[in-house]
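J.: Quick note: the sequence shown, position 166, residue 166 per the UniProt record's numbering, numbers continuous.
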Amino acid sequence: MSIGAYETTLNLQLWKAYADEIEIFLETPSGENLPVLSERIGTQRYRAGETELLVYYGKPGPFQVTQEIYVDFLPTGTYLTSGIWKIHLQGRRIREGNYNLWLPGGNVLNPVTGFYRPVAAETLTIPSTASKVITVGAYDSRLNAFADFTGRGGENLPYPKPDLVAPGVDILAPSVGGGYTGVTGTSFATPFVTGAAALMMEWGIVRGNDPFLWGEKVKAYLRRGAQPLPGFDRYPNESVGWGVLCTAQSLPQE
Numbered sequence: 001m002s003i004g005a006y007e008t009t010l011n012l013q014l015w016k017a018y019a020d021e022i023e024i025f026l027e028t029p030s031g032e033n034l035p036v037l038s039e040r041i042g043t044q045r046y047r048a049g050e051t052e053l054l055v056y057y058g059k060p061g062p063f064q065v066t067q068e069i070y071v072d073f074l075p076t077g078t079y080l081t082s083g084i085w086k087i088h089l090q091g092r093r094i095r096e097g098n099y100n101l102w103l104p105g106g107n108v109l110n111p112v113t114g115f116y117r118p119v120a121a122e123t124l125t126i127p128s129t130a131s132k133v134i135t136v137g138a139y140d141s142r143l144n145a146f147a148d149f150t151g152r153g154g155e156n157l158p159y160p161k162p163d164l165v166a167p168g169v170d171i172l173a174p175s176v177g178g179g180y181t182g183v184t185g186t187s188f189a190t191p192f193v194t195g196a197a198a199l200m201m202e203w204g205i206v207r208g209n210d211p212f213l214w215g216e217k218v219k220a221y222l223r224r225g226a227q228p229l230p231g232f233d234r235y236p237n238e239s240v241g242w243g244v245l246c247t248a249q250s251l252p253q254e
């Protein structure tokens, strides 16, 4: 990966199967190989030129069997050591062999900072990766087009994700201090699906049309009602799941 000039801080995350045992070491832009990171739970510190590395090995959680390894790049002075950093992985005992590296999104980094060969697959984040949740992506309802900032699923996930997409570009929402403003992101697409689910459950549970309309049943109805989006010919897919939110086609016809 490249770290651009004048970068003041950086956080790198590595996700892997906890069952896999690997050795990790970093190579600095000057070609110096740092010591192999010690696979012990907790925090470790390393020094590389003008950069200090703070490394944290996480544990599997109650809802996932993956291990997260965090590497914080901190400057000893004002800026991080710029140039090409290499991350070397050496397998000791491999069972799954799937590894994902993450850098911060949202244009918070120097334009030169990033991976040299990034891929969009499997960029969903917790909790959207959980099997029993309804995972929502975003699309631009003005152009009827997929929003490319949306995280994707992938073939290495044990189940298809996302479930569907909802409007998430230039959404009119209340602003701090009063008034309204245009907002963008999957955080603003999700409330559309939340509201749709609430209306469906009100129709089913409160009105007595379907007393057991909750959980996976809501998800199943939302998937069934989802509509195609131009540019995709296979459903479900890793970008838009089953398609665009459409409650008019979701509930069964009596």
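Glycine included, C-beta positions come from ideal geometry on N, C-alpha and C.
How would you call residue 86, buried or exposed, if buried means at least 16 neighbouring beta carbons within 10 angstroms?
T.: Residue 86 should be labelled exposed.
J.: Measuring straight from C-alpha to C-alpha, what distance separates residue 62 and residue 24?
T.: 25 Å
J.: Could you compute how far the alpha carbon of residue 55 sits from the alpha carbon of residue 79?
T.: Taking the CA atoms as reference points, residue 55 sits about 19 Å from residue 79.
J.: Counting only runs of 3+ residues fully inside the UniProt domain "Peptidase S8/S53" (116–243), write out the beta strand (DSSP E) ranges in chain order.
T.: 136–140, 164–167, 171–174, 180–183
J.: According to DSSP, what are the bridge partners of residue 47?
T.: Paired residues: 52.
J.: Should residue 255 and residue 102 be called a contact, given that it needs their Cβ atoms to be closer than 7 Å?
T.: Residue coverage of the chain in this structure runs from 1 to 254, which leaves residue 255 outside it and unanswerable.
J.: Could you tell me the alpha carbon to alpha carbon distance between residue 181 and residue 139, rounded to whole angstroms?
T.: 18 Å
J.: Mark residue 186 as exposed unless 16 or more other C-beta atoms lie within 10 angstroms of its C-beta, in which case mark it buried.
T.: Under this definition residue 186 is a buried residue.
J.: May I have the straight-line CA-CA distance separating residue 65 from residue 93, to the nearest angstrom?
T.: 16 Å
J.: Around the Cβ of residue 216, are there at least 16 other Cβ atoms within 10 angstroms (buried) or fewer (exposed)?
T.: exposed
J.: Nearest by alpha-carbon distance to residue 126: which of 107, 155, 161, 116 is it?
T.: Of 107, 155, 161, 116, the residue nearest in Cα terms is 161.
J.: Work out the CA separation of residue 9 and residue 71 for me, nearest whole Å.
T.: Going from the Cα of residue 71 to the Cα of residue 9 covers about 11 Å.
J.: Anyone know if the C-beta pair for residue 99 and residue 67 falls short of 7 Å?
T.: Against a cut-off of 7 Å, the Cβ pair of residue 67 and residue 99 comes out as no contact.
J.: What do you reckon, are the CB atoms on residue 105 and residue 164 nearer than 7 Å?
T.: no
J.: State buried or exposed for residue 231, treating a residue as buried only when at least 16 other CB atoms are found within 10 Å of its CB.
T.: exposed
J.: The beta strand (DSSP E) with residue 75 in it runs from where to where?
T.: 66–75
J.: Determine the extent of the beta strand (DSSP E) in which residue 11 is found, giving its start and end residues.
T.: 10–17
J.: Have a look at residue 258 and residue 59 and give me their C-alpha separation to the nearest angstrom.
T.: Examination of residue 258 is not possible in this model, given that the chain is present from 1 through 254 alone.
J.: Within 10 angstroms of its Cβ, does residue 51 collect 16 or more other Cβ (buried), or is it exposed?
T.: buried
J.: Spell out a yes or no on whether the segment 112–130 and the segment 28–46 are touching, meaning 3 or more CB-CB pairs, one atom from each, closer than 8 Å.
T.: The segment 112–130 vs the segment 28–46: no contact.
J.: In angstroms, rounded to a whole number, what distance separates the CA positions of residue 202 and residue 176?
T.: 31 Å
J.: Nearest CA to the CA of residue 27: which residue from 82, 221, 167?
T.: The candidate whose alpha carbon is nearest that of residue 27 is 82.
J.: Candidates 36, 74, 22, 211: which alpha carbon is nearest residue 6's?
T.: Measuring from the Cα of residue 6, the nearest candidate turns out to be 74.
J.: Tell whether a beta-carbon distance below 7 Å holds between residue 133 and residue 166.
T.: no
J.: Mind checking residue 76: buried by the 16 CB within 10 Å criterion, or exposed?
T.: exposed
J.: So, is residue 3 buried or exposed, given that buried needs 16 or more other C-beta atoms within 10 angstroms?
T.: buried
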